[in-house]
Every structure is written in C-alpha cells, then in structure tokens.
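Just below is one structure, and these are the notes that go with it.
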Ligand SMILES: [Zn+2]
Ligand SMILES: [Zn+2]
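Numbering (my numbering), first residue to last: 46 to 942.
Here it is as structure tokens:
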C-alpha cells in the first residue's frame with residue numbers, strides 16, 4: 046500500500062481523521078507548509094511553515110524552551126510520574142533481544158514488546174491497559190550517523206504510551222490531550238511551541254492516521270492510531286484498534302537541556318569525563334552553531350559527509366577546530382553510544398559473533414576499538430561499562446547483576462580482535478600498496494570474510510571515508526532471521542488431532558483413521574509424539590504396521606508407516622514403543638538440566654541455540670563465546686548430576702502466555718517462539734523453567750546419570766554438547782571405563798590443543814565463501830586477497846598461497862570450492878605439516894593446463910619429495926623449507942604459460 050495515497054485520503058477529511066477535541070479547545074489552526082506541502086496544526090498565528098522548515102528549527106540548542114533541566118533518567122522520571130498519575134501502568138522494559146518474535150533479532154520499537162505470534166498472525170497482548178514503558182530499542186541501519194548528527198543512536202529509549210480503546214483505555218482525543226499536557230504541565234513548554242503534523246502509518250496489513258508532535262523542529266513523539274486493515278478503499282475497521290505513541294526519551298532530555306547534541310545529556314557523567322580526559326579544543330558557542338547546522342540540514346544533502354562539510358563551511362571552522370574539536374568529540378559520542386548498546390544486548394543474552402544478530406554487536410565493538418585507535422584514545426572499557434551501569438541502573442536496575450558478565454564478554458571479544466589484528470594489518474597494507482578503489486560491496490565482503498571494518502581501513506588510510514551506505518547495507522543483510530517452510534500435505538479439511546500424550550499418555554490406544562494416503566495416516570487422536578522442539582518422534586505400530594515417523598502439520602498429526610496403511614474409517618489398535626519413548630524422554634529432561642547447568646557454570650549469556658533428543662543420545666547447542674575446556678565440561682556434568690541425584694520434581698503447568706512471561710521472564714523461551722496463546726511451562730524446581738511441548742520424566746532421579754561425551758565449537762558463538770542419559774549413560778561408562786580412568790594431564794593438554802585447532806579451522810572454514818566471492822570479482826591482473834595471490838587473465842585464474850595461517854583442511858576446502866565456482870581456475874597451496882612441507886593442487890575442468898598431478902609432481906620435486914593424484918586433484922610435498930617460493934613459482938609458470 047502506498048503511504049502517500051493513504052495520507053492524501055486522510056488529509057482530505059481532516060475532521061474525521063485528525064481533528065481531536067484538544068485542537069478545538071485550544072484554538073489550534075490547520076495550515077499547509079508552503080515548502081513541503083504537509084498539513085500541520087498550530088496555535089501560533091505567525092507560524093506558517095511546518096516544524097522542519099521553520100526558522101526556529103533546532104533553536105533549542107543553547108536556548109531550551111523549558112525552565113527546568115532534565116537529563117535522561119530525570120526525563121523518564123517526569124514522564125513516568127505524569128502517566129501513572131493519569132491512570133497508566135508503568136511496565137518495566139522488555140529484553141532488547143526479541144525472543145518472542147522469530148522474524149526479529151532485536152526489539153526495534155516499544156510496541157514490539159506486546160506483539161506475539163499466533164500461527165502466522167501477529168496479535169497484541171497487553172499486560173495492562175493503558176501502558177507506559179521505557180523500552181531500549183536497537184537499530185543498526187543508521188550506524189554511520191551515530192556520533193555525528195547529534196541525535197542518532199544505535200540504541201535509544203522509545204517511550205511507549207499504549208492504549209486499547211475499551212473500558213480502561215482511550216482513543217485519539219484523550220491521547221493527544223495527554224501528550225499536550227505532558228509537554229505543557231509536566232515539562233513547562235509553552236503551548237505556542239507545540240506543533241502537530243499529520244501523517245499516516247501502515248505495516249503488516251493494517252494502517253491508520255498519526256500525529257507527530259514537534260517542539261522547535263525536534264520531533265518528540267508520534268502517536269499512531271492503528272485502526273484499519275485491508276486495501277485502502279476496501280478496508281475494514283480492526284476489532285482491536287490500538288494507540289501506539291512512541292517518543293524518544295533522549296529527545297525529551299535534549300530539549301530541556303539545550304546541549305549541542307543529545308549525547309551530551311543522555312550518558313550521565315560519561316561524555317563529560319571522556320571530554321576531560323581527551324581534551325577538546327573548540328568554543329562551546331561554535332559547537333552549538335555547528336550542531337544546529339548539522340541538525341537543520343540533515344535531509345538536504347545526499348549523505349552525512351556532505352552535511353558535515355557544509356556545516357564546517359557555514360560556521361567557518363578551520364582545520365584545527367575540526368581535527369581537535371569536532372573529530373574527537375564525534376569519537377567520544379560514538380564510543381559512549383556503542384558501549385551502552387553492548388551493555389543492553391549482552392545483559393539480555395546476546396553475544397557478538399559473525400552470525401545473525403551477533404553480527405551487529407561485533408561490528409559495534411570493532412567500531413569502538415577502531416575509533417579509540419584512530420583518535421589515539423587510551424580508554425578503559427571496563428571503567429566505561431561501570432559508569433554506564435552506575436548511571437542507567439536508576440532506570441534499569443536489572444543491569445546491575447549483569448555487570449561482570451558484560452565485562453567478560455567484551456573482554457573476550459576485545460582479545461579476539463587484537464589477535465586478528467596482525468592479519469588484518471597485512472591485508473590493509475597490501476590493499477594500500479595496490480591503490481585499489483574499494484566500493485561498498487568490497488567493504489562488506491571484507492568485513493564478512495575477514496572482520497575488517499571500514500573504520501579500521503580509514504584509520505590506516507586505505508580508504509578516505511566510510512561510504513555512507515555501508516552500515517545500512519550491512520544491517521539489511523543481517524536484520525531478519527530466515528524462517529523456513531514445511532512441506533505441504535493435502536490436509537485442508539482434516540480435523541485437528543487430539544493429543545493424548547498431553548493427557549493420560551497411554552502406550553496402547555484405539556483410534557479412528559480420518560485420512561490415509563501414500564504412506565501417511567491421520568487419526569482422530571494419538572499418543573504418538575510428533576517430532577518437535579528437537580524431540581524425535583515416537584515409533585511403534587498402528588494396526589500392525591510399523592510407524593517410522595510422526596510429524597505435525599498445523600494441528601494435524603501425520604504418521605508415516607512402512608509396508609502398508611490401514612483404510613480410512615477403520616478403528617485401529619496403536620502401540621507406542623515404550624522403551625524408545627522412555628529413552629527420548631530422559632534425554633529431553635536432561636537437555637533442560639544441562640542447559641541450566643551450563644548457564645550456572647559459564648555465564649548468563651548461555652541460551653539454548655538448538656537441541657536434538659533421540660532414544661540413546663542427544664545434543665544441546667548453547668550460545669557461548671569459546672570452545673569449552675575439559676574443566677568446564679567436568680563442572681557442567683557435575684552440576685547436572687547433582688540435580689539428578691536431588692530427585693527434584695518436574696512439574697508441567699499451562700499458563701496464559703502473558704502471565705508466564707510476567708512470572709518467569711523471557712528465559713522460558715529457550716526453545717524459541719511459542720506460537721500459541723497458552724504455554725506449557727516445564728519446571729525443575731526453580732533450577733530450570735522453560736516453555737516446552739516435549740515429554741519429561743516426573744522426578745529427576747529417573748534419569749539416573751548424565752554423561753557428556755563430546756563438546757565442540759560448531760560455529761562462532763555456539764558450542765555443541767553431545768551427551769547420553771539413563772541406560773545409555775551407564776552403557777557409555779561401561780565401555781569407556783578403561784579410557785576414562787587413564788585420562789592423564791597430557792591427554793587434557795592435548796585435548797585443549799585440539800579444541801583450539803578446531804576453533805581456528807572453523808574460523809578459516811567460515812571465511813572460504815567470502816574469499817571465493819571476492820576472488821570471482823577480480824579483474825585481469827594480479828592481486829592478493831588475505832595472503833592468497835590471485836592472477837586473473839582471459840582464460841585462466843590462478844590462486845596460490847604459502848601463508849602459515851592456512852592448514853590442510855583449509856587448502857582442500859578452498860581448492861574444491863574455487864574450481865567449482867570457476868572451472869577455469871587452478872589452485873596451489875603449500876603449508877608446513879610438522880617437519881615437512883606439503884602441497885595441495887586443484888585444477889578446474891575447463892582450465893588451459895588441466896593437469897594437477899603434473900603440477901604437484903613438479904612442485905614436490907623442487908621441495909625434495911614426490912607427488913601424486915589425478916588431473917583435478919593432486920598432492921605431495923618435501924623437506925626443503927627454503928624452496929617454498931621457488932616451488933610456488935614453478936606452479937604459477939605451469940598454469941599461466
Ligand atoms: Zn514543511
Ligand atoms: Zn524442552
């Protein structure tokens with residue numbers, strides 16, 4: 046639907062869509078802006094332009110329109126006081142990691158708190174009505190503006206004033222009346238200064254009118270009246286109309302303080318302390334002028350760099366003032382903003398990584414480090430975390446208990462960055478020497494494959510400026526979670542299956558066949574557990590036919606049989622394989638126990654990433670920053686077995702989703718989003734509480750024993766625990782008794798080395814697709830990408846490397862993928878393996894010289910050894926380490942000449 050079209054229609058009938066009682070009472074007039082054509086409402090007779098095109102735009106900088114000054118926390122206190130006084134329930138913030146929606150990583154607006162998934166629909170569930178909430182929201186698409194514009198944040202507090210118009214709630218008239226009184230009575234803003242601009246909102250199939258309210262050109266809030274659904278013209282009124290008024294808390298503070306930027310009054314004492322430490326050389330007056338220019342002209346130029354250049358010119362700042370005033374200030378603002386974002390995200394259980402939402406967190410931290418290095422700032426990150434939390438805990442007391450965890454995670458991530466710096470530096474120096482012009486796509490690829498941020502490249506002078514679209518493009522690529530589709534079966538008219546395993550859970554039962562087709566059977570009721578939540582399905586027999594798989598399609602359970610199916614309409618006798626079910630059940634409860642054990646031992650950032658439970662084994666993938674040490678595994682296992690031995694009661698209760706969230710918090714969503722209104726809560730005392738649809742033991746001692754058999758870092762930020770429980774664990778102990786006993790210190794050390802190697806390998810493996818993509822785009826000539834030399838000509842492409850950062854695993858995978866992506870490509874890698882050198886050679890199908898074995902033999906001969914293989918793949922090696930370069934030169938000759 047076209048927003049402009051809706052706006053045109055609504056603005057054509059302002060009495061119906063926009064005129065509220067307040068406008069009448071206060072004598073508001075409706076005017077049209079001669080510059081932009083928007084309609085706005087004002088009391089001020091002399092005001093003829095909309096707030097953004099008016100002369101007084103941003104004049105609050107240096108001259109605020111209020112007598113009282115409120116910083117970030119004080120501004121929230123005023124707002125909360127006003128709304129609770131006026132019948133609103135003040136609700137604590139929700140997590141910034143959006144666990145209750147599978148299409149969002151982060152909470153991006155206050156209304157998102159109250160949106161829940163119901164089948165394929167999004168519904169609203171309010172814990173009270175009306176509500177006021179201070180909701181931190183994370184948005185990464187404007188990252189390049191943060192620190193520069195004075196008002197962009199990577200995380201900001203969106204005050205949500207939310208109401209459903211019913212006996213408790215209200216509609217447009219009261220909403221605007223409240224907002225007006227908030228500004229005038231509570232904040233003391235003169236009513237002549239308050240302007241309402243007509244707008245509309247649409248999204249997710251619904252739409253409605255909205256009124257944005259401004260003071261001196263600053264949009265403080267936007268009251269959205271979601272009222273209609275469907276296509277404009279054919280639309281109907283929603284059963285559940287909603288007011289979603291979102292206001293920026295940072296802006297409320299800013300307008301009363303009149304500081305040059307919103308950053309100056311929203312990070313507590315941090316900004317000032319950093320300025321003192323760094324020393325900024327610019328007069329306050331010039332600073333205000335500069336930021337007014339920036340604010341006023343933000344929409345007038347295509348990108349922020351041009352906005353900056355014009356502001357510098359208009360205010361008449363010399364080079365000195367820019368270098369010693371503006372630049373370090375921007376850096377300080379950026380660092381303070383980014384750390385606050387990391388504090389919220391890590392507190393709520395997110396980890397920086399190279400996948401999913403963790404991606405944005407890693408880039409944010411790398412920007413902090415890059416900025417510190419660029420400006421030569423020696424800042425203690427832990428000290429800044431302390432200052433932020435000390436200040437924020439007045440509004441968000443829950444941050445206190447995560448203080449240590451936030452420091453741990455930022456410390457780990459910082460170290461990781463330092464470790465990769467040498468490699469990054471090499472790449473950057475190489476690029477600089479080659480004088481490549483890098484476009485946005487090149488930069489995105491470099492970040493994705495090597496973790497090199499454009500801030501870093503700017504610092505090393507490889508690029509003159511960060512392209513303004515870099516961060517928005519990157520965050521577009523990483524904003525949404527993919528949701529997968531299930532296979533469709535002809536079940537439209539099939540009644541939903543009664544689920545016996547949630548009731549008496551009989552192991553033998555009679556049922557009626559409602560449908561049978563291909564190898565599938567649908568019954569009127571079933572005790573066969575359908576695959577779900579990582580729990581594997583039950584097996585057994587239906588009418589004598591073996592059941593091999595069971596899946597849920599919507600609310601219908603479909604059984605897959607082997608060797609025949611019973612006829613429709615028939616009553617059948619069904620038997621569940623009890624031994625299998627018991628094994629699976631023990632593993633499922635064990636998964637819950639291990640998940641909480643791992644969190645207790647490792648840290649609050651541990652969440653279930655996914656899980657799989659079979660009859661005789663299971664695995665649990667958890668979010669954690671590094672591979673596990675032997676010691677940690679031991680402790681987790683001990684903790685889990687203590688819970689088993691305590692013989693704790695496992696209770697299952699059904700709750701209304703909202704009630705469960707309020708009672709237990711969002712920790713319950715370990716297994717992901719629950720798409721129904723009633724949630725099934727499985728709790729093991731207060732040790733572990735999860736929303737879960739699986740089968741469980743009644744008391745923990747039934748599990749008898751849990752043994753972790755293997756752990757492995759399977760991707761950045763995710764560790765897999767493979768384990769066995771019950772009889773399978775006893776069996777495991779029996780067969781491994783001897784091995785377990787002779788585990789020596791040496792073995793432990795070896796395992797740790799192996800773990801580290803696995804980690805390195807995993808990192809290299811993750812890099813391969815990005816590298817290949819980069820190589821595919823190289824033009825004629827020779828270039829070096831991450832220490833791989835690439836020569837591209839019409840008919841051939843040759844890649845080679847002797848870099849120590851690559852191991853055998855990398856060479857094989859890289860070579861395979863390269864010749865798959867480009868059949869004219871060849872590859873030769875040489876690497877050290879113990880005391881010898883080895884070589885791996887791949888040659889693509891349509892390569893000019895299709896003879897991998899000849900190349901491997903020639904290379905090996907130079908190295909003092911032998912090679913073998915076929916035309917496509919060959920390997921070899923030798924002992925003479927001084928001949929590496931000569932050998933690679935030979936390979937290059939054989940391919941290119
Ligand atoms: Zn205008
Ligand atoms: Zn579960």
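Beta carbons: idealized from backbone N, C-alpha and C, even for Gly. Just so it is clear, the structure is predicted and the values come from calculations on it, not from any experiment.
Under the three-state DSSP convention, the category residue 547 falls into = helix
inquiry  = Considering Cα atoms alone, identify which of 758, 443 and 750 is closest to residue 777.
reply    = Here the closest residue by C-alpha is 750.
request  = Please confirm whether any heavy atom of ligand 1 lies closer than 6 Å to the CB of residue 87.
outcome  = A distance criterion of 6 Å places the beta-carbon of residue 87 beyond contact range of ligand 1, judged by its closest non-hydrogen atom.
ask   = First and last residue of the alpha helix (DSSP H) that includes residue 220?
value = 217-226
request  = Would you list the residues sitting across from residue 202 in a DSSP beta bridge?
outcome  = 181
query = In this structure, does DSSP put residue 596 in helix, strand or coil?
reply = strand
ask   = Is any heavy atom of ligand 2 found at a distance shorter than 6 Å from the C-beta of residue 703?
value = Not so, every heavy atom of ligand 2 lies at least 6 Å from the Cβ.
message = Between 572, 831, 839 and 917, which has its C-alpha nearest residue 857's C-alpha?
response = 917
Close-in-space but distant-in-sequence residues of the same chain around residue 686 (CB under 7 Å, 5 per side omitted) = 750 and 751
Close beta carbons around residue 48, own chain, < 7 Å, minus the five adjacent residues each side = Answer for residue 48: 245 and 247, listed in chain order.
inquiry  = Nearer than 6 Å: is that true of the beta carbon of residue 628 relative to any heavy atom of ligand 2?
reply    = no
request  = State buried or exposed for residue 281, treating a residue as buried only when at least 16 other CB atoms are found within 10 Å of its CB.
outcome  = Counting other Cβ atoms within 10 Å of its Cβ, residue 281 stays below 16 and is therefore classed as exposed.
inquiry  = Can you check which of these residues, 134, 746, 550 and 75, is closest to residue 623 by C-alpha distance?
reply    = 550
ask   = Below 7 Å between beta carbons: does that hold for residue 580 and residue 739?
value = Contact annotation: residue 580 and residue 739 have beta-carbon atoms nearer than 7 Å.
inquiry  = Whether or not the stretch 174-184 and the stretch 155-166 are in contact is what I'm after, with contact meaning three or more pairs of Cβ atoms, one per stretch, closer than 8 Å; do they touch?
reply    = yes
ask   = Who pairs with residue 829 in a beta bridge, going by DSSP?
value = 834
key: Residue list, Cβ distance to ligand 2 heavy atoms smaller than 5 Å   = 737 and 739
query = What does residue 481 pair with, by DSSP beta-bridge criteria?
reply = Paired residues: none, contrary to the question.
query = Straight-line CA distance for residue 194 to residue 716?
reply = 40 Å
message = Quick test of your reading: residue 912 and residue 884, contact by CB under 8 Å. State the CB separation rounded to the nearest angstrom.
response = 7 Å
ask   = What's the C-alpha gap between residue 242 and residue 412?
value = 36 Å
message = Any heavy atom of ligand 1 closer than 6 Å to the beta-carbon of residue 450?
response = no
key: For residue 579, the three-state DSSP class (helix, strand or coil)   = For residue 579, the secondary structure class from DSSP, reduced to helix, strand or coil, is coil.
key: Residues bridged to residue 240 [DSSP beta-bridge criterion]   = 259
DSSP three-state assignment for residue 527, whether helix, strand or coil = Low confidence applies to residue 527: its pLDDT is 47, below 50, so where it sits in the model is not reliable enough to give any reading.
query = Who are the Cβ neighbours of residue 565 in its own chain at under 8 Å, not counting the five residues just before and after it?
reply = Here the set comprises 534, 603, 604, 605, 606 and 610.
query = With a cut-off of 8 Å, do at least 3 Cβ pairs link the stretch 91-109 to the stretch 258-277?
reply = Touching, yes.
message = Let's see if you can read the secondary structure: which residues bound the alpha helix (DSSP H) around residue 355?
response = 349-360
ask   = On the premise that residue 298 lies in contact with residue 116, defined as a C-beta separation below 8 Å, what is that separation, rounded to the nearest angstrom?
value = 5 Å
message = Check for me: the beta strand (DSSP E) holding residue 883 runs from which residue to which?
response = 881-888
query = Going by the C-beta, is residue 58 closer than 6 Å to any heavy atom of ligand 1?
reply = no
request  = Check whether the Cβ atoms of residue 670 and residue 457 lie closer than 7 Å to each other.
outcome  = In this structure, residue 670 places its C-beta atom within 7 Å of the C-beta atom of residue 457.
message = Let me confirm a value: residue 227 is counted as buried when at least 16 other C-beta atoms fall within 10 Å, else exposed. Which label applies?
response = Its Cβ being crowded by 16 or more others within 10 Å, residue 227 is buried.
query = Between residue 307 and residue 144, is the Cβ-Cβ spacing less than 7 Å?
reply = The criterion of a C-beta distance shorter than 7 Å is not satisfied by residue 307 and residue 144.
task = Determine the direct distance from the alpha carbon of residue 820 to that of residue 836, and round the result to whole angstroms.
result = 9 Å
message = Taking 6 Å as the cut-off, is the C-beta of residue 83 nearer than that to any heavy atom in ligand 1?
response = Of the heavy atoms belonging to ligand 1, at least one sits nearer than 6 Å to the Cβ of residue 83.
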